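Since the structure comes first, as structure tokens, the remarks are kept for the end.
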Amino acid sequence: MIETVTQDLETAKHQNGKPKTILVTGATGYVGGRLVRELLSHDYKVRVLVRNASKLTDYSWADQVEVIEGSAEDEDTITKALSGVQIAYYLLHALNSKFDFVAEEKALATNFGKVAKEQKLERIIYLGGLAKQDAKLSQHLGARQETGEILRASGVPTAELRAGIILGSGSASFEMLRNLTERLPIMVTPKWVNNRIQPISIRDVLRYLVGCCTLPSDVNRSFDIGGPDILTFKEMMIQFAEEAGLPKRRVFPIPVMTPKLASGWIGLVTPVPVTLAKRLVSSLKNEVLCNENDIQQYIPAPEKGLTGFRKSVSRALRRIVDADVETRWTNASDPRFPADPLPTDPNWAGGSLYEDRRVMLSEGAIEEVWARVESIGGKNGYSSGTILWEIRGFMDKIIGGVGLRRGRRDDNLLVVGEALDFWRVELLERPSLLRLKAEMKLPGKAWLQWELFDQDGKVQVVQKAIYAPKGLFGHIYWWLVAPLHSFVFPSMIKKVAGVGAIKQKPEAVPA
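By the count of our numbering, the sequence shown reaches residue 511 at its end, each step adding exactly one.
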């Protein structure tokens with residue numbers, strides 16, 4: 001859990017002896033989803049404004065907050081959301097808008113500030129964008145800074161935190177960095193990759209955001225926030241590769257690549273949407289450094305200091321490094337690790353994971369189905385496609401891998417940690433879950449998993465092959481072997497589910 005930033009201001013967290021009520025807008029966004037968790041851990045009463053309440057079902061805190069459903073563009077909705085609130089977090093933006101996002105952001109901020117004044121809020125806290133003073137700003141950065149000015153002029157004391165690249169699994173700018181570095185060993189880039197940047201860890205951003213709740217009432221200004229390291233984007237890519245265990249990246253800046261061309265290329269190479277990539281790229285034309293460090297006067301740095309770039313990257317890579325695949329999202333909800341991915345992050349966030357998912361409904365008893373799951377491999381084989389596994393094992397043996405010759409200790413029973421052909425039993429929960437981790441030579445990491453669920457007296461079998469690529473060849477490898485999956489994986493799940501099993505759509509899988 002992020003440490004408490006002020007030990008002597010507990011009274012500032014209460015209104016008439018009761019916890020203050022705080023509104024968080026943008027609660028389904030990257031920062032908002034993590035911020036709600038932190039505020040609850042500091043004993044605040046939290047209300048969230050969301051356009052669609054059904055999006056909250058995957059959040060661990062959904063039943064601990066008051067939910068207002070509606071559009072931030074509607075004044076009645078904003079009035080309802082701000083009624084009885086003491087502090088509001090303004091995390092709204094129109095960055096993904098395909099239309100005039102600048103005009104949209106101005107209108108949103110103006111209306112929000114007006115209603116906040118009418119409802120007599122104590123404070124607005126806004127997360128904006130960092131830029132060098134007197135620099136010619138991109139539309140994106142210019143709009144974010146103008147939003148801060150509108151809120152500060154509303155008559156409600158406003159703390160605007162200006163941050164550059166936020167380091168954490170799921171942050172759009174960080175995912176752009178991650179995907180470019182992971183997929184391209186050699187890069188021809190725009191010259192702005194040599195511009196200096198002062199990135200900040202998401203855990204430090206959250207620490208500042210929570211700390212702003214206890215600011216004195218006369219504070220109405222912006223604060224620049226950044227981490228301890230100043231790096232160029234090129235240096236960030238090189239250091240990211242080192243932390244991720246990738247070969248050295250070669251980066252060659254050229255002066256002729258336009259922002260439009262660069263964002264189009266990023267949209268093609270990475271899963272970050274083109275509209276979002278274009279606005280992020282336009283912001284990187286500016287140096288992104290703190291002009292002041294006044295926030296330390298109110299919210300001092302932790303005893304061990306702010307989180308550095310390499311440590312932030314290491315934490316953000318936790319999902320892949322610890323094999324924290326999406327079958328167990330409870331690990332990612334641990335409040336001590338706010339950089340970890342959440343199940344509601346965009347599907348392009350949190351590291352690259354490819355998945356082949358198959359679902360069948362079996363007529364047999366769960367004990368019978370589980371017996372077939374636990375007896376997979378070794379002398380029992382895998383399916384009618386066992387020959388393909390044998391070929392893969394032979395290829396692995398040729399290049400120095402373990403191959404399929406290890407077999408298994410017992411034909412019917414498994415133990416966590418034991419070898420099974422070129423797999424290792426990683427997780428075993430009878431009679432519901434078996435996960436095997438690949439030990440064959442791969443340009444990445446792979447898992448094979450089966451889960452059994454009761455569904456109206458029948459057994460639903462969910463089979464997943466999950467692959468985390470490493471480097472460009474890791475992605476190429478997945479697509480090279482993908483055609484074989486259509487032969488191997490359907491026959492494998494049929495063998496497990498048994499005769500008469502019915503194929504189901506993946507959407508039928510229980511949450």
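Note that CB positions come from ideal geometry on N, CA and C, so glycine has one too. Remember, it's a predicted structure, so these values are computed and weren't measured experimentally.
Given residue i as reference, the closest of the options once Cα atoms are compared
i	options	result
residue 106	180, 154, 205	154
residue 47	29, 85, 74, 76	85
residue 283	296, 193, 220	193
residue 160	195, 90, 188	90
residue 61	43, 389, 419, 390	43
residue 182	295, 236, 58	236
residue 186	115, 204, 234	234
residue 88	365, 113, 102	113
residue 244	75, 445, 359, 486	445
residue 73	115, 399, 231, 33	115
residue 423	398, 377, 454	377
residue 38	64, 49, 51, 133	64
residue 366	453, 359, 390	453
residue 295	208, 379, 309, 55	208
residue 206	30, 490, 19, 502	30
residue 353	464, 381, 389	464
Cut-off 7 Å between Cβ atoms - residues of its own chain near residue i, not counting five sequence neighbours on either side
i	result
residue 443	469, 470, 471, 473, 474, 477
residue 321	Model confidence at residue 321 stands at a pLDDT of 48, short of 50, so the residue's coordinates are unreliable; what they give is reported in the following sentence. For residue 321, where only same-chain residues beyond five positions count, there are no Cβ hits under 7 Å.
residue 327	With a pLDDT of 30 at residue 327, under the threshold of 50, the predicted position of this residue should be treated as unreliable, though the coordinate-derived value follows. These residues qualify, in order along the chain: 449.
residue 92	25, 26, 72, 108
residue 484	388
Same chain, Cβ closer than 8 Å to residue i, neighbours up to 5 away in sequence not counted
i	result
residue 337	Low confidence applies to residue 337: its pLDDT is 48, below 50, so where it sits in the model is not reliable enough to give any reading.
residue 412	371, 374, 375
residue 414	374, 408, 420, 425, 428, 434
Straight-line Cα distance separating residue j from residue i
i	j	result
residue 456	residue 369	16 Å
residue 440	residue 393	8 Å
residue 229	residue 164	12 Å
residue 448	residue 461	13 Å
residue 129	residue 306	19 Å
residue 333	residue 40	With a pLDDT of 37 at residue 333, under the threshold of 50, the modelled position of that residue is not reliable, and no figure is offered here.
residue 355	residue 504	17 Å
residue 331	residue 467	Model confidence at residue 331 stands at a pLDDT of 33, short of 50, so the residue's coordinates are unreliable; what they give is reported in the following sentence. Cα to Cα, residue 331 sits roughly 19 Å from residue 467.
residue 152	residue 158	5 Å
residue 81	residue 498	53 Å
residue 240	residue 495	42 Å
residue 493	residue 500	12 Å
residue 171	residue 189	21 Å
residue 178	residue 110	35 Å
residue 200	residue 299	15 Å
residue 312	residue 184	21 Å
residue 416	residue 401	21 Å
residue 383	residue 303	57 Å
residue 59	residue 22	18 Å
residue 329	residue 364	Only weak support is given to the placement of residue 329: the predicted model assigns it a pLDDT of 30, under 50, and the question is left unresolved by the model.
residue 146	residue 127	12 Å
residue 180	residue 168	16 Å
residue 191	residue 33	34 Å
residue 50	residue 137	30 Å
Beta-bridge pairing of residue i - partner residues as DSSP gives them
i	result
residue 504	359
residue 203	According to DSSP, which records beta bridges pairwise, residue 203 is partnered with nothing at all.
residue 216	The partner list for residue 216 (beta bridge, DSSP) is empty, contrary to what the question assumes.
residue 46	22
residue 460	361, 453
residue 423	420, 438
residue 469	444
Cβ neighbours of residue i in the same chain (closer than 6 Å, five flanking residues each side left out)
i	result
residue 36	24, 27, 46, 61
residue 238	249
residue 53	67, 69
residue 222	148, 160, 162
residue 361	458, 460, 502, 504
residue 133	291
Min CB distance residue i to chain B below 8 Å
i	result
residue 239	Absent from the structure: chain B. Only one protein chain is present.
- Task: Decide yes or no for the touch test of the stretch 115-126 against the stretch 209-218: beta carbon pairs closer than 8 Å, at least 3 of them.
- Result: yes
- Message: Check whether the stretch 140-148 and the stretch 280-297 are in contact - that is, three or more C-beta pairs closer than 8 Å.
- Response: yes
- Taking one C-beta from the stretch 214-225 and one from the stretch 240-254 each time, how about it: are there three or more such pairs within less than 8 Å? no
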